[in-house]
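Quick notes on the structure that follows.
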């Protein structure tokens, strides 16, 4: 049963886990771009 388990514990190579990893990378990349833009504007 998947109850109480993270997707990475339940099915680490499944489509949902891969999609979540992809989303997390996209969110992190966007945050990095925003941080870079903010620091460049502050100069």
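Residue numbers (my numbering): 26 to 68. Built from N, CA and C at the ideal position, the CB exists for glycine as well.
What would DSSP say about residue 31, mapped onto helix, strand or coil?
Within the chain shown, the letter at position 6 stands for residue 31. In this structure, residue 31 counts as coil in the three-state DSSP scheme.
The alpha helix (DSSP H) enclosing residue 60, as first and last residue numbers
Within the chain shown, the letter at position 35 stands for residue 60. Its alpha helix (DSSP H) spans residues 40-66.
Short of 7 Å in beta carbon distance, which residues of its chain neighbour residue 36, apart from the five on each side in sequence? Order them along the chain.
Within the chain shown, the letter at position 11 stands for residue 36. Answer for residue 36: 42, listed in chain order.
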